[in-house]
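> Once you've had a glance at the structure underneath, I'll fire off some questions.
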Amino acid sequence: MSAENLYADREYERRKQLQYVNDSSFERYIRDVLKMIDENASITEPAMKIMDALVKDMFKQLANGTKDLMEKDDKRTMDEVDVKCATLELLQGEVARHAVSEGTKAVELFKNNVQSNVGDVGS
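Residue numbering for the sequence shown follows our numbering, beginning at 73 and increasing consecutively.
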């Protein structure tokens with residue numbers, strides 16, 4: 073395989089991934105959280121679009137903040153400390169502390185699940 077074909081294949085895969093990310097929606101998750109708060113609650117379509125845009129914007133800002141921190145530290149791999157620092161920079165006060173607390177719990181739960189699944193495979 074020539075270098076040009078390899079480059080073209082990589083570029084095609086990268087563009088395909090970007091298209092998938094741009095088409096993503098958080099509507100399902102927003103509805104799930106709304107139902108957790110109040111079973112009978114509903115949301116109009118315009119309000120859902122605003123909420124979806126808000127979540128996407130926050131996600132992009134968080135991703136860019138994390139990327140900037142990684143570049144500043146000259147790192148190539150993102151870890152939970154980078155995300156935590158970017159979250160503290162993006163959000164403020166009690167919201168930032170709550171977000172970091174919930175994120176830390178989620179990372180610990182994930183690590184525990186991964187470790188228990190690795191232990192099950194060896195049995």
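For every residue, glycine included, the Cβ atom is placed at its ideal position computed from N, Cα and C.
Quick caveat, the model's predicted, so the values are computed rather than measured.
Once you ignore the five residues that flank M142 on each side, which residues in its own chain have a CB closer than 7 Å to its CB?
For the purposes of this step, residue 142 is identified with residue 70 of the sequence shown, where counting begins at 1. Result list for M142: M150 and D154, in chain order.
> Quick check on A158: buried or exposed, where buried means 16 or more other Cβ atoms within 10 Å of its Cβ?
Locating residue 158 in the sequence shown gives position 86, counting from the first residue. With 16 or more Cβ atoms within 10 Å of its Cβ, A158 is classed as buried.
> Can you tell me which of the three DSSP states K147 falls into?
Position 75 of the sequence shown, counted from the first residue, corresponds to residue 147. In the structure shown, K147 sits in coil (DSSP, three-state: anything other than H, G, I, E or B).
> Count the other CB atoms, across all protein chains shown, that sit within 10 Å of the CB of T116; report buried if there are 16 or more and exposed otherwise.
Mapped onto the sequence shown, residue 116 falls at position 44. Result: exposed.
> Looking at the structure shown, is L163 part of a helix, part of a strand, or coil, going by DSSP?
The sequence position of residue 163 within the sequence shown is 91, counting from 1. Coil, per DSSP.
> Which of helix, strand or coil does DSSP assign to A113?
Stepping through the sequence shown from its first residue, residue 113 is reached at position 41. Note: A113 maps to coil in three-state DSSP.
> Do you know how far the Cα of V127 is from the Cα of Y101?
Along the sequence shown, read from residue 1 onward, the residue named residue 101 stands at position 29. Along the sequence shown, read from residue 1 onward, the residue named residue 127 stands at position 55. Whole-angstrom Cα-Cα distance: 10 Å.
> Going straight from the alpha carbon of R86 to that of A80, what length do you get?
In the sequence shown, counting from the first residue as 1, residue 86 sits at position 14. In the sequence shown, counting from the first residue as 1, residue 80 sits at position 8. The straight-line gap from Cα to Cα measures roughly 10 Å.
> Taking 8 Å as the limit between beta carbons, can you name the residues of its chain near D124, skipping five residues before and five after?
Reading the sequence shown from its first residue, position 52 is the one you call residue 124. Closer than 8 Å at Cβ, skipping near neighbours: S97, F98, E99 and I102.
> Grouping DSSP H, G and I as helix and E and B as strand, with all else coil, what is D96?
As a first step, residue 96 is located in the sequence shown; it is residue number 24 there, counting from the start. Here the sequence assigns Ser to residue 96, which means Asp is not the residue at that position. Coil.
> Please state whether the Cβ-Cβ distance between L134 and L160 is less than 8 Å.
Translated into positions along the sequence shown, residue 134 becomes position 62. Translated into positions along the sequence shown, residue 160 becomes position 88. Not in contact: L134 and L160 (Cβ atoms no closer than 8 Å).
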